[in-house]
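Trainee: My questions all concern the structure below.
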Amino acid sequence: MSRIFITGGTGYLGSALVRQASAAGHAVAASYFSHEPPAREGVTWAPLDVRDPLAVEDCLDRLRPDLVIHTAFIQTGPDVMPVTARGTGHVARAAAAVGARLIHMSSDVIFDGEREGPYSEVDPPAPISDYGLAKARAEALVAEAHPGAAIVRTSLIYGFDPIDKISRFSLDVAEGRTAAVLFTDEYRCPIYVEDLAAALLELAGLSYGGILNIAGAERVSRYELGSLIAQAWGVDPAGIPAGLSTESPSRRPRNCTLDITRAQALLQTRLRGIREVLRATGRQGK
Ligand SMILES: NC(=O)c1ccc[n+]([C@@H]2O[C@H](COP(=O)([O-])OP(=O)(O)OC[C@H]3O[C@@H](n4cnc5c(N)ncnc54)[C@H](OP(=O)(O)O)[C@@H]3O)[C@@H](O)[C@H]2O)c1
């Protein structure tokens, strides 16, 4: 059993990590920012704003975790850099100061997506959005403050219980509640939240340091993903309008396929593609 501290424990991935880590018998502490969670047996909740370096330091000093999994972030708005980049630097420094192993969550959108093939761990970031820039900066701050940390680049995270925001958006588009097109030329490797959480907890027990791609084994377009999700929830995907990322008014990373060969060799946890997950969970649609 280890003492695990999960930042962003109220988030989508954070909640799955809290569930799985406490079910595995670890002593779990987790942070929240704006959503105070209900008490949960075996979990210590800590309010935390990662923008505040002293608060981060105090929190880790008090909890003395063996492992920190840093998921807290924001994606948009004026605080993207202070929270997602500099906040990560505060977490990395505080984790190093108490001698805790650190797993930092990064993203496939640190790439510009211009490449035809997959990105491996040696590919340098080339962000084209504020979010991508903040995540790339966060990676650099982690590498500087905590050289042994694992920096995990992942892709779209989906799940069923509760439904994730990408699936919710796909259903809203399919059922006409949201007017949007889903791109047929924008590729990601979506990962099932339960597979990702299990892979991270397995990685925690290994000495691996540096960048590691952990994503689903199957590359799909946003349109394909939306259609699969709609079918999984019993919604007709015919209502989803298709479009081209290259025709979008904003520049977007088009192909962020991640090469997961290294993680597949390192981990016992299978990083299933979305069709395999849908089959295994009885949600493959009609
Ligand atoms: N979701 C995806 O598809 C995806 C794809 C690639 C990479 N990732 C990465 O995976 C990680 C988890 O993503 P997610 O979608 O699970 O996150 P999420 O559901 O959006 O949760 C974000 C978490 O960050 C916390 N938070 C926000 N501002 C904070 C602050 N100032 N100080 C401390 N905590 C703060 C939130 O707390 P409150 O809710 O209490 O405010 C929440 O617990 C992120 O690092 C993200 O970059 C996600």
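Quick note, in our numbering, the sequence shown goes up one by one and the last residue is 349.
Positions of the beta carbon are idealized from the N, C-alpha and C atoms, including for glycine.
1. Mind checking residue 72: buried by the 16 CB within 10 Å criterion, or exposed?
2. According to DSSP, which residues form a beta bridge with residue 167?
3. Determine the closest residue to residue 120 out of 84, 160 and 83, with distance taken between C-alpha atoms.
4. Name, in chain order, the residues that DSSP records as bridge partners for residue 141.
5. Can you round the beta-carbon distance between residue 214 and residue 190 to whole angstroms, since I take them to be within the 8 Å contact cut?
6. How would you write the range of the beta strand (DSSP E) that residue 275 sits in, first residue to last?
7. What did DSSP end up calling residue 110 once you bin it into helix, strand or coil?
8. Does any heavy atom of ligand 1 sit closer than 7 Å to the C-beta of residue 264?
9. For residue 207, does the count of other Cβ atoms within 10 angstroms reach 16, so buried, or fall short, so exposed?
10. Which residue comes first and which comes last in the alpha helix (DSSP H) that contains residue 229?
11. Can residue 285 be considered in contact with ligand 1, in the sense that its beta carbon sits closer than 7 Å to one or more heavy atoms?
12. Do you know offhand how far residue 179's Cα is from residue 318's?
13. Do residue 245 and ligand 1 come close, with the Cβ less than 7 Å from some heavy atom?
14. Are the Cβ atoms of residue 75 and residue 292 separated by less than 8 Å?
15. Give the secondary structure of residue 306 by DSSP, where H, G and I count as helix, E and B as strand, and everything else as coil.
16. Compute the beta-carbon to beta-carbon distance between residue 305 and residue 247, rounded to the nearest angstrom, for a pair I have assumed lies under 8 Å.
17. Can you tell me the Cα-Cα spacing of residue 167 and residue 289, whole angstroms?
18. In the structure shown, what three-state DSSP assignment does residue 343 receive?
19. Report the three-state DSSP secondary structure of residue 323 (helix, strand or coil).
20. Name the DSSP beta bridge partners of residue 174, please?
21. Exposed or buried, what is residue 170 when buried is set at 16 or more other beta-carbons lying within 10 Å of its beta-carbon?
22. Which of the three DSSP states is assigned to residue 69 in this structure?
23. Quick check on DSSP: helix, strand or coil for residue 103?
24. Sort out for me which residues DSSP pairs residue 220 with in a bridge.
25. Between the Cα of residue 263 and those of 101, 111, 132 and 297, spot the shortest distance and give me the residue it belongs to.
26. Counting Cβ pairs closer than 8 Å, one from the stretch 96-107 and one from the stretch 149-156, do we hit at least three?
27. Quick one: measure Cβ to Cβ for residue 279 and residue 183, integer angstroms, because I've assumed they're closer than 8 Å.
28. When the Cα atoms are used, what is the spatial distance from residue 81 to residue 108?
Mentor: If we stick to the structure as given:
1. When all chains shown are included, residue 72 counts as buried.
2. Note: residue 167 sits in a beta bridge opposite 133 and 214.
3. Considering only alpha carbons, the answer is 160.
4. Residue 141 pairs with nothing; no bridge assigned.
5. The C-beta distance from residue 214 to residue 190 rounds to 15 Å, too long to meet the 8 Å contact threshold.
6. Annotation: the continuous beta strand (DSSP E) that includes residue 275 extends over 273-276.
7. Looking at residue 110 - three-state DSSP - the assignment turns out to be strand.
8. No, Cβ of residue 264 sits at least 7 Å from all heavy atoms of ligand 1.
9. Residue 207 is exposed by the Cβ-count criterion.
10. It spans 228-237 - the alpha helix (DSSP H) in which residue 229 sits, taken as one unbroken run.
11. Incorrect: residue 285 has no Cβ contact closer than 7 Å to ligand 1.
12. Their Cα atoms are separated by approximately 7 Å.
13. No, the Cβ of residue 245 stays beyond 7 Å of every heavy atom of ligand 1.
14. Result no, Cβ atoms of residue 75 and residue 292 do not sit closer than 8 Å.
15. In the three-state reduction of the DSSP assignment, residue 306 falls in the strand class, which pools E and B.
16. Correct: roughly 5 Å between the Cβ atoms.
17. The alpha-carbon separation between residue 167 and residue 289 amounts to approximately 28 Å.
18. Residue 343 falls in the helix class under three-state DSSP.
19. DSSP places residue 323 outside both helix and strand once states are collapsed to three, so it counts as coil.
20. Paired residues: none, contrary to the question.
21. So residue 170 ends up on the buried side.
22. If DSSP states are grouped into helix, strand and coil, residue 69 belongs with the strands.
23. In the structure shown, the three-state DSSP call for residue 103 is coil.
24. Partner(s): 254.
25. Looking at the Cα atoms, 132 is the closest of the given residues.
26. When Cβ pairs closer than 8 Å are counted between the two stretches, the stretch 96-107 is seen not to touch the stretch 149-156, the count staying below three.
27. The pair is not a contact, with the Cβ atoms about 16 Å apart (cut-off 8 Å).
28. Between residue 81 and residue 108, the alpha-carbon positions lie close to 10 Å from each other.
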